[in-house]
Structure formats: C-alpha cells, structure tokens
Amino acid sequence: MDFKQFILTNEPVIRSCFFFGILGVMAFWEYIAPRRKLTVSKVVRWSNNLAIVFLNNFVVRLVFPVVAVGVASFADQNGWGILNYVELPFWLAAIISIIAMDFVIYLQHVLVHAIPSLWRLHRVHHADLDFDVTTGARFHPLEIILSMLIKFATIIVLGPPVIAVILFEIILNMTAMFNHSNVKLPIAFDKILRLFLVTPDMHRVHHSVEDDEANSNFGFSLPWWDRVFGTYRAQPRQGHEGMVIGIHKIRDIKQVSWLPGMLMLPFKGKVSGYAINRREWNNTDED
Ligand SMILES: [Zn+2]
Ligand SMILES: [Zn+2]
12 MDFKQFILTN
22 EPVIRSCFFF
32 GILGVMAFWE
42 YIAPRRKLTV
52 SKVVRWSNNL
62 AIVFLNNFVV
72 RLVFPVVAVG
82 VASFADQNGW
92 GILNYVELPF
102 WLAAIISIIA
112 MDFVIYLQHV
122 LVHAIPSLWR
132 LHRVHHADLD
142 FDVTTGARFH
152 PLEIILSMLI
162 KFATIIVLGP
172 PVIAVILFEI
182 ILNMTAMFNH
192 SNVKLPIAFD
202 KILRLFLVTP
212 DMHRVHHSVE
222 DDEANSNFGF
232 SLPWWDRVFG
242 TYRAQPRQGH
252 EGMVIGIHKI
262 RDIKQVSWLP
272 GMLMLPFKGK
282 VSGYAINRRE
292 WNNTDED
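Each residue of the sequence shown is one higher than the one before, counting from 12 in our numbering.
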C-alpha cells in the first residue's frame, strides 16, 4: 500500500489523532495560562460542544461517500483542475494550493456572515458564550455540509496535489483550535505572530457581541486576507477581559450551550441582525 492509499484508508483515524492531540495540548495551555474567566460551566459547554463535533463527524460520513482527499485523488486521476494543467514543481503547487484553499475559507466565512440565511447556520459557532478550544470545532451540521461542498468544488477547480489537501486540512484543524483557545500569549509575541498566523487575540475580536467587531477578522489561518480586504481589527474596544462574547439577545444557556438548543438555533427568530450591514438591535423593535 503506498503512502497516498494509506492516508485515504486511514483518514478518519489520522484526523482523530490530530484532533485529540491538539485538543489535549490547548486544553492544558488554557488551564495553565487562561486569557479570560469562563462564564459558563466548562462541563456543560465542553460536553455539548464535543457532542456536536461527534455528531458532525457522523453526519459527514453519512452524507458524503468521499472525503476531500478522495476528491483530490479523483481530480488528479482525471486531470481535472487548474494545477493539473500546468507543470509546477510539487512544493510550489502545494504552497499555492494551501494558500488558495485558505483564501476560499476566508471568502466562505465572509459569505456566511453576509447572507442572512447562512448567518442562521453560522450563529451556532458565534452563540457560544465563552471562547475556548472547543468553540473552534462547534458548527451546525448544515454548515459543515455546506463547507464540504465548497471544499469539494474548490478542489475540483484547483486540482491541488493530494498531499496538499491533507496538509491543509491538518493545518486548518490546528490553527482553528489554536486561535479559538482561551490562552494568554505575551503581547509582543502576539504582535509578531499575527503577521503570519491568526492568533487567539485576533480571532477573539470576531466573537464579540458588537456587530462591527464580529464582522472583522474572518481569517482562520492566514491573517493577510483581512488586512488586504479591509476587515482587519487589531483589538476589541472593551479589551479582551472586558469584551462580551456571543450574540446579542441569544444568550439563554439551554439555547446556546446544550446540543438540542444549538441544533434548533438556525430555525429560531428573525435573523437579519448581525448579517453584514443589517444592524438592527439599536432600534426599538425586539426579536
Ligand atoms: Zn464568524
Ligand atoms: Zn470562530
């Protein structure tokens, strides 16, 4: 069995090893150097956030006969995608692929904030009342399905090397868990690190209840897209300890911290608030 085949066959195990490995490291880091005091019981949040992760894994296996690596392998065998048309050294094709896929993730993230019905789904990620490593993995199953479809389409158009797709998925998994962590980094170090990588302080701004802050820092791995496209915001107005995490008016524990509430959240209430340029909670009307 060659390396590619090994990865394709053992993809769920490899993915789980990385997930639990990074979860363990970040959880320990959060324990020894927390950035903020958590407001909700960690037992409740963690058990429910992890429950949605397991549910999503199950849903993805049920809905999709292939994983991203399988799609990349298919595109490769059939010569589909831009990078399968041009002769590039492997390393260059891999770097281009990883950067391009990260850019698509940025665009997708802006999209789910801009379109009210997609914001319904993405609210589940933002409704978490605290911001820690488990927030990074909590998404509604329908948003996960949407992400998979966008990822498959990207791979078919781009034709990235199979190894680059594996690397990208591992990198994205690691960076998403890292930059959602409730960890304290020395300010000077954060300042340098965020030139290359989205840091927890940078992404925390995106989880603010304030809509202008929530509509900034969309990047998941590379911080450059926010700077290039004008969505970068260095710090929250209230500071990291003073800022409020979550969504205005959607703060009931049963709704935002327990699995059934989270799964029903996309179907609750009016949704135009928060979606880009649709601020409305300063008006008198209530949801
Ligand atoms: Zn978001
Ligand atoms: Zn986030």
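For glycine and all other residues, C-beta sits at the position ideal for the given N, C-alpha and C. Please read all numbers here as calculations on a predicted model, not as lab measurements.
Which one or two residues does DSSP pair with I256 in a beta bridge?
DSSP, once it has assigned bridges, lists S219 as partnering I256.
Would you tell me roughly how many angstroms separate the C-alpha atoms of A104 and E22, rounded to the nearest one?
Going by the C-alpha atoms only, they are around 22 Å apart.
Which residues count as close to ligand 2 when the rule is a CB under 6 Å from any of its heavy atoms, in chain order?
Sorted by chain position, residues whose beta-carbon lies closer than 6 Å to a non-hydrogen atom of ligand 2 are H136, H191, H214, H217, H218.
What are the uninterrupted segments assigned as alpha helix (DSSP H) that are 4 or more residues long and contained completely in the segment 138–198, given in chain order?
Fully enclosed alpha helix (DSSP H) runs of 4 or longer: 152–169, 173–190.
State the beta-bridge partners of I261 as determined by DSSP.
Looking at the DSSP assignment, I261 forms a beta bridge with I258.
Assign F14 to buried or exposed, taking buried as 16 or more other Cβ atoms, counted over all protein chains shown, within 10 Å of its Cβ.
Exposed, since its Cβ has fewer than 16 Cβ neighbours within 10 Å.
One or two residues paired with I45 in a DSSP bridge:
Residue identity differs from the one stated: residue 45 is Pro in this sequence, not Ile. When beta bridges are read from the DSSP output, P45 appears opposite V194.
Pick out whichever of R26, V176, G253 has its Cα sitting closest to the Cα of M112.
Per the Cα distances, V176.
Which residue wins for smallest C-alpha separation from R26, given the options E41, N60, H151, V64?
Scanning E41, N60, H151, V64 for the CA closest to the CA of R26 turns up V64.
Assign P197 to buried or exposed, taking buried as 16 or more other Cβ atoms, counted over all protein chains shown, within 10 Å of its Cβ.
Classification of P197: exposed, given that the 10 Å Cβ count is below 16.
Quick check on the burial criterion: 16 or more other C-beta atoms within 10 angstroms. Buried or exposed for T20?
Residue environment for T20: exposed (fewer than 16 other C-beta atoms within 10 angstroms of its C-beta).
Flag H124 as yes when its Cβ comes closer than 7 Å to any non-hydrogen atom of ligand 1, and as no otherwise.
The answer is yes for H124.
Using a threshold of 7 Å, is the CB atom of H259 nearer than that to any non-hydrogen atom of ligand 1?
Because no heavy atom of ligand 1 lies under 7 Å away, the Cβ of H259 does not count as near it: no.
Cβ neighbour criterion (16 or more within 10 Å) applied to I109
The residue in question, I109, is buried, as its Cβ has 16 or more Cβ neighbours within 10 Å.
For M188, is the classification buried or exposed, using 16 other Cβ atoms within 10 angstroms of its Cβ as the cut-off for buried?
Under this definition M188 is a buried residue.
In terms of residue numbering, what span does the alpha helix (DSSP H) encompassing I116 cover?
Per DSSP, the unbroken alpha helix (DSSP H) holding I116 starts and ends at 101–125.
With H, G and I counted as helix, E and B as strand and the rest as coil, what does DSSP make of R131?
Helix, per DSSP.
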